[in-house]
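Just so we're aligned: 27 in the numbering used here is position 24 of the sequence shown, and the numbers increase by one with no gaps anywhere. For glycine and all other residues, C-beta sits at the position ideal for the given N, C-alpha and C. In what follows, a structure is listed as structure tokens, so that the remarks can point back to it.
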Amino acid sequence: MLSGTSEDVKVNEAEKRNHDNKAALVANIITYQKNQEMVEMKEEKEATVKMMMRQIQEEPLDSLLSPARRQAMEILAQLSHTKPILSVRERVELVNTCVRSVFSLPSVQAMQEKDESKAEVIQILYYQTLDSLQKLLNALFIEDPTPT
């Protein structure tokens, strides 16, 4: 013979529904928090990308006397490996900004002639900057290799 009354069954069902409702609520809260974190990460990444692009745009196009352009591209390459991925529009803007910034520079020889005392530094910075641009382009391609 079964022990327990129909009242016990009703209480157990009510407790189970209550437990299920609490579990669903916790799951919804966790999902909401993850979505909020994703939104915050996206906003933080977008802000950093914009700041680095602005840094690159502010660099002079007629000389290369600091590693700022290279460092900004290195940061952008590192960011390209983080979630969420950049949109196609953001990547196009990023590539255009960086390529324009590097390929608008005069030749290494012209920059060295302009400032002979820094000829060696200019050459090193130039090749480091080209290397950073290549790494950035590779990172952006790896991030989402499908052309759209």
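- Counted as a single uninterrupted DSSP element, the alpha helix (DSSP H) harbouring isoleucine 78 occupies residues 71 to 82.
- Taken through DSSP and simplified to helix, strand or coil, serine 66 comes out as coil.
- Of all alpha-carbon atoms in Thr85, Ala26, Ser104, the one lying nearest the alpha-carbon of serine 135 is that of Ser104.
- Glutamate 116 and leucine 67 have their alpha carbons spaced roughly 13 Å apart.
- Residue nearest to arginine 57 within the set Val42, Gln74, Asp65 is Gln74 (criterion: CA-CA distance).
- Under the DSSP assignment, glutamate 93 falls in the alpha helix (DSSP H) whose first and last residues are 91 to 106.
- In this model, alanine 80 and proline 109 are separated by some 24 Å (Cα to Cα).
- The DSSP-derived three-state label of lysine 19 is helix.
- Assignment of serine 120 by DSSP, reduced to helix, strand and coil, places it in the helix class.
- Between the stretch 76 to 90 and the stretch 125 to 143 there are three or more C-beta pairs closer than 8 Å, enough to call the two in contact.
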